[in-house]
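Residue numbers (this note's numbering): 9 to 363.
We treat Cβ as the ideally placed atom computed from N, Cα and C, and that holds for glycine.
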Ligand code: HEM
């Protein structure tokens, strides 16, 4: 800690070394309890050096988020840093999700103080996700450098580490889903129903794998969740831009949803909405009939069903963990999620029925 407070210029210490020192401190105290002197020193240093090292900028934006009144889903999960690391490693979002889960396996194997059964179940779920997503990945050979500095818990609660990794992996899943649905939409615009069907089917597989992440999160002890949740107020996955982009790639949300807290929390994504093409619109414009169209309709129904299952599991998980407490994104919590069960991704109209 004394080293951090005496660093005045970045030349005195390389960016990665500084970030390692800070991460060490975060792991000792929890991000929420970093000493004021450390935060003030980092703030000054960052103002002086911003723009010189993108990784350090993203790292310090996360570490200093609460102090700067910018504590949100993005900064809690250090998502800009995760994206930089992903680009640097040259891996797609799916492989990044696998790496993040492999890190959970590594972390949990070292766990002490957790009952052996919970630990084993947790490791099993994370291992299954890795095996299903990237079978060639060696859990014992994870990237070093900035990758290891992308989990910045706010507390000393053991379970928070894997919770952060599960949320980050979910972000990767939603990014993959958006890419698939945008590609399916482009295929429809070219009249290529087979290519569109292949993309939608892949999205179904990716979504089904995301269910494994929920099984993993379900191993969290509610008491552990509440122990760190007191420090995450203001950060909620309702602010996930990746999730809302996926929604927009599938169809146009109802006017009611677009003006609700769901999109109030992602103003940048809401601003993109008017100019975006989406799968439902392309499907209606094409007005295809026949066996190929029927195949595509089946795939779309499977994706809709996978999303409904995802929302149902999420709702049950939130009910078990939260009870009647409000959400950290300031909604009323579980009742909000119950209403979300009525939403649908696709608006295929009479075209799909005729297929
Ligand atoms: C302990 C586990 C969890 C609890 C208690 C929980 C609770 C909640 C609550 C109450 C909301 C409503 C917004 C708010 O006020 O915060 C919400 C929204 C959301 N959560 Fe979770 N959640 C949990 C885990 C997860 C996980 C693992 C994911 C995976 C990404 C996730 C994704 C989302 C998304 C995408 C929304 C926005 C839904 C929408 O706007 O339609 N949650 N969650």
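**Item:** Supposed close pair residue 336, residue 236 - CB separation, criterion 8 Å
**Value:** Not a contact, Cβ separation roughly 11 Å.
**Asked** In whole angstroms, what separates the C-alpha of residue 261 from that of residue 53?
**Response** C-alpha separation (whole angstroms): 43 Å.
**Message:** Are there any heavy atoms of the ligand HEM lying less than 7 Å away from the beta-carbon of residue 169, as far as the coordinates show?
**Reply:** Shortest gap from the CB of residue 169 to any heavy atom of the ligand HEM: 7 Å or more.
**Request:** Express the C-alpha separation of residue 147 and residue 129 in angstroms, rounding to a whole number.
**Result:** Whole-angstrom Cα-Cα distance: 17 Å.
**Asked** Alpha carbon to alpha carbon, how far is residue 137 from residue 178?
**Response** Near 12 Å, if we compare the C-alpha coordinates of residue 178 and residue 137.
**Touching by the beta-carbon criterion (3+ pairs, under 8 Å), the region 320–331 and the region 287–306** = Counting Cβ pairs under 8 Å, fewer than three are found: no touch.
**Prompt:** Between which two residues does the alpha helix (DSSP H) carrying residue 347 extend?
**Reply:** Element bounds for residue 347: 342–348.
**Message:** Could you tell me the alpha carbon to alpha carbon distance between residue 50 and residue 195, rounded to whole angstroms?
**Reply:** Roughly 48 Å separates the two Cα atoms.
**Asked** Measuring CB to CB, does residue 249 end up less than 8 Å from residue 277?
**Response** Result yes, Cβ atoms of residue 249 and residue 277 sit closer than 8 Å.
**Three-state class that DSSP yields for residue 88 in the structure shown** = Residue state, collapsed to three classes: helix.
**Asked** Just how far apart, CA to CA, sit residue 144 and residue 172?
**Response** Distance between the alpha carbons of residue 144 and residue 172 is about 24 Å.
**Request:** Check whether the Cβ atoms of residue 204 and residue 311 sit closer than 8 Å, and answer yes or no.
**Result:** A distance of 8 Å or more separates the beta carbons of residue 204 and residue 311.
**Message:** Tell me which residues share the same chain as residue 153 and place their Cβ nearer than 7 Å to its Cβ, disregarding the 5 neighbours each side in the sequence.
**Reply:** 24.
**Item:** Continuous alpha helix (DSSP H) stretch holding residue 63: start and end
**Value:** Taken as a continuous stretch (DSSP letters only), the alpha helix (DSSP H) holding residue 63 covers 62–71.
**Secondary structure of residue 7, DSSP reduced to three states** = For residue 7 there is no data in the structure shown, the boundaries of the chain being 9 and 363.
**Asked** How about the region 184–200 and the region 281–295: do they share at least three Cβ pairs that are nearer than 8 Å?
**Response** Yes, they touch.
**Secondary structure, alpha helix (DSSP H): runs of 4+ residues fully inside the region 87–116** = Listed in chain order, the complete alpha helix (DSSP H) runs (minimum 4 residues) inside the region 87–116 are 87–97.
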